[in-house]
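> Just passing along the structure, written as structure tokens.
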Amino acid sequence: MHLRFHSAFILILLFVLTGVGVAADRPNILFILADDLGYGDVACYNSEAKAPTPHLDALAAQGMRFTDAHSPSTVCTPTRYSLLTGRMAFRTGKGGVFTGVGGPCMIKPERLTLGSMLQAQGYATAMFGKWHIGMTFYDKDGKP
């Protein structure tokens, strides 16, 4: 009887610990935004694509593919703003594409972004490539 109780306790403990380990696992997220790339330009979506895309195809084969997504705007600046903030593209307060170097960032320091929400969930985040939404960045104290 005593052995049976200990065995049941250990079995329950293992189930609980296994569940905790599974719940803590989060998927890796790699979000690629490419300007002027059409749906049919990547071979994983179009077997007759004109240019080979083996690395994108490998990523698509191992992950999630979106087959019914739509760009928030026809140009880069409002699209980036919308994807980073979850807000409608027209809310940039500026029409068209951001031109020039510098200038205030279109995302206000207090605005939630996809990156800040993922960081709050324990993710490490990074952004590489073309920014095009202004260059004034703020530190944790709200200073440029």
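The sequence shown finishes on residue 142 if you use the numbering used here, and the numbering steps up by one all the way, no holes. Where a beta carbon is used, it is the ideal one built from N, C-alpha and C, also for glycine.
Within a Cβ cutoff of 8 Å, which residues of the same chain sit near M125, ignoring the five residues on either side of it in sequence?
The residues are G113.
> Find out if the Cβ-Cβ distance for the pair R78, I30 is shorter than 8 Å.
No.
> Here's the rule: buried if 16 or more other CB atoms are within 10 angstroms of the residue's CB, otherwise exposed. What is I27?
Exposed, by the Cβ-count rule.
> So what does DSSP say about T90, is it helix, strand or coil?
Reduced to three states, the DSSP call for T90 is helix.
> Using three-state DSSP, classify L81 as helix, strand or coil.
Helix.
> Rounded to whole angstroms, how far is the Cβ of T75 from the Cβ of G94, which I believe are closer than 8 Å?
Sure, about 7 Å apart at Cβ, within 8 Å.
> When DSSP labels each residue in this structure, what does D139 get in the three-state scheme?
The answer is coil: DSSP assigns D139 none of H, G, I, E or B.
> Out of K138, D139, Q119, point me to the one whose CA is closest to R24's CA.
It is Q119 whose Cα lies nearest to the Cα of R24.
> With S71 as the anchor, note down where its alpha helix (DSSP H) starts and where it stops.
No alpha helix (DSSP H) holds S71; DSSP gives it neither H nor E.
> What whole-angstrom Cβ distance do G38 and A47 have, given they're in contact under 8 Å?
G38 to A47, Cβ: 6 Å. Contact.
> Starting from A56, follow the alpha helix (DSSP H) in both directions and report where the run begins and ends.
From DSSP, the alpha helix (DSSP H) with A56 extends over 52 to 60.
> Measuring only the C-alpha atoms, how far is R63 from L81?
One C-alpha to the other measures close to 17 Å.
> Distance, Cα to Cα, L15 vs W129?
In this prediction, L15 scores a pLDDT of 49, lower than 50, which makes its location untrustworthy; the coordinate-derived value is nonetheless stated afterwards. Taking the straight line from one Cα to the other gives about 42 Å.
> Hey, quick one: how far does the alpha helix (DSSP H) through M115 stretch, first residue to last?
That run of the alpha helix (DSSP H) goes 112 to 118.
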